[in-house]
Amino acid sequence: MGLIVILTLPYMAGYIFTSIAHNKETSQIETYLIGFFSVFLVNGAVFFVEYYKLGRGMQQVFSAFAVTEIVIAILFFITLIVRVILRLTMGRSKKDEKPKMHASDWGLVAVSVVISFCIVYRVYSLQEYLRDDFMLATVRTTLHTCRIYEYNPITSQPYNVGLINSKRIIMLPIYYSFLSSFYGIRDSMLLYLILTLQTILCVYFACVTVTMPVLRSRKKNLIFSIFLGTLILSGDYYSHAIGAKILWNGYSGEAIVAGVMLPYVLYVITCWYRQERGDGEEANAYLRAVNIAKLLIVALSSVFITGLTTGIVLVVIEIFIAGLCSYIRYRKEVV
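Just add 79 to wherever you are in the sequence shown, counting from 1, and you've got the numbering used here.
(1) Val190 to Val161, Cα distance in whole Å?
(2) Helix, strand or coil for Tyr203, going by three-state DSSP, please let me know.
(3) On a Cα-Cα basis, can you pick out the residue from Leu251, Tyr317 and Leu205 that is closest to His217?
(4) Rounded to whole angstroms, how far is the Cβ of Val344 from the Cβ of Ile108, which I believe are closer than 8 angstroms?
(5) Decide if Val339 is buried, meaning its Cβ has at least 16 other Cβ atoms within 10 Å, or exposed.
(6) Just the Cα atoms here: how many angstroms apart are Val418 and Asp266?
(7) Measuring CB atoms only, is the region 110-117 touching the region 88-97, in the sense that at least three cross pairs come out at less than 8 angstroms?
(8) Please state whether DSSP places Pro342 in a helix, a strand or coil.
(9) Please return the same chain residues whose Cβ sits closer than 7 angstroms to the Cβ of Val377, not counting the five positions on each side in sequence.
(10) Which class does Pro232 belong to by DSSP, given the choice of helix, strand or coil?
(11) Suppose the cutoff is 7 angstroms on Cβ atoms and the five residues either side in sequence are ignored; what does the same chain contact list for Phe119 look like?
(12) Rounded C-beta distance between Ile305 and Ile194? I'm assuming under 8 angstroms.
(13) Measuring straight from C-alpha to C-alpha, what distance separates Ser235 and Thr224?
(14) Mind reading off the beta-carbon distance from Gly27 to Tyr262? Whole number of angstroms is fine, and I expect it under 8 angstroms.
(15) Starting from Pro237, trace the alpha helix (DSSP H) both ways and give me its first and last residue.
(16) Three-state secondary structure (DSSP) at Thr220?
(17) Is Ser260 near Leu222, with beta carbons less than 9 angstroms apart?
(18) Is it the case that the Cβ atoms of Tyr330 and Tyr228 are separated by a distance below 9 angstroms?
(19) With a CB to CB cut of under 8 angstroms and the five nearest residues on each side skipped, what residues in its chain are close to Asp184?
(20) From Leu88 to Thr158, what does the alpha carbon distance come to, in whole angstroms?
(21) Indicate the three-state DSSP secondary structure (helix, strand or coil) for Ala320 in the structure shown.
(22) On the criterion of 16 or more Cβ atoms from any shown chain inside 10 Å, does Asn328 qualify as buried, or is it exposed?
Here it is as structure tokens:
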């Protein structure tokens with residue numbers, strides 16, 4: 080039950096957002112991605128208010144997390160029922176026919192499935208190995224002491240000075256502690272298997288959303304997915320590659336920012352640029368507001384994932400680079 084909730088909750092949150100935004104062109108993949116960051120943002124805000132402002136303990140924070148997930152699930156089912164009723168009332172829209180699969184496409188699909196299986200098997204086999212970060216130790220210390228950021232996860236001794244505010248606001252260890260306690264999942268399995276696989280899935284989603292409008296070919300997209308899977312597997316052999324961060328520390332904020340957040344921000348900016356140019360759906364004030372809302376969700380969630388310095392700075396750098404590229408391309412088209 081806990082596994083199902085963890086994997087489906089981002090889609091529920093994203094479904095609510097896309098229903099409010101009323102953006103019909105939003106794909107199921109982007110729905111999951113925006114929900115992935117929305118879950119971090121909402122739970123981060125809950126953690127900030129409950130712990131940092133109201134000064135409540137672990138049990139109260141965990142109860143607030145549980146209520147938040149229940150509210151998201153209830154709103155999702157209400158939104159789903161309303162949209163189904165409206166769709167049945169207004170009639171189904173005709174969908175474009177998809178091009179047929181060729182023999183070469185099926186071969187690439189088979190290779191992609193094999194690489195995906197290798198990634199799942201490798202993540203599963205890495206559960207026995209310890210990581211060089213303190214995430215698992217922090218989760219276990221939180222569950223054992225029933226305190227939040229009051230004990231050193233290595234020495235198990237109380238902090239004399241305490242943590243700086245930029246570290247205390249990061250809610251990932253506390254949220255992971257809640258998932259392990261509330262759903263009865265072993266902490267190492269939660270971090271090293273379930274959450275790592277979820278991050279890898281989101282890495283696929285984020286990278287596909289960026290490359291799909293550029294490649295515009297099923298065969299090229301399949302080749303890219305094979306390359307991406309190979310790149311992730313290469314992290315098992317080269318520790319300095321981004322694949323190592325995703326494969327070994329997929330639950331960490333740094334892996335989420337580098338592998339999921341930055342490609343998705345790049346997708347939102349490039350999609351916004353295409354709308355401004357008139358490619359596909361023409362941009363208007365409402366669509367601009369939706370794009371700004373997406374960027375705000377990602378930027379604000381990064382504060383609770385990696386802290387203000389790492390999260391916001393990385394997003395600002397990406398926005399600057401994407402804006403510069405869009406400006407250069409615009410100047411060339413005008414000339």
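All C-beta atoms in this analysis are idealised placements derived from N, C-alpha and C, irrespective of residue type, glycine included.
Considering the structure as presented:
(1) 40 angstroms
(2) In this structure, Tyr203 counts as helix in the three-state DSSP scheme.
(3) First, the amino acid is wrong: residue 217 is Thr here, not His. The candidate whose alpha carbon is nearest that of Thr217 is Leu251.
(4) Rounded, the Cβ-Cβ distance is 15 angstroms, inconsistent with contact.
(5) buried
(6) The question about residue 418 has no answer here: the residues shown for the chain are numbered 80 through 414.
(7) yes
(8) helix
(9) Contacts found: Phe116, Met340, Tyr343, Val344 and Val394.
(10) coil
(11) For Phe119, where only same-chain residues beyond five positions count, the Cβ hits under 7 angstroms are Ser380, Phe383 and Ile384.
(12) 6 angstroms
(13) Take the alpha-carbon of Ser235 and the one of Thr224: they are about 9 angstroms apart.
(14) Residue coverage of the chain in this structure runs from 80 to 414, which leaves residue 27 outside it and unanswerable.
(15) From DSSP, Pro237 is part of no alpha helix (DSSP H); its letter is neither H nor E.
(16) Residue state, collapsed to three classes: helix.
(17) yes
(18) no
(19) Arg297, Lys298 and Leu301
(20) Distance between the alpha carbons of Leu88 and Thr158: 14 angstroms.
(21) coil
(22) buried
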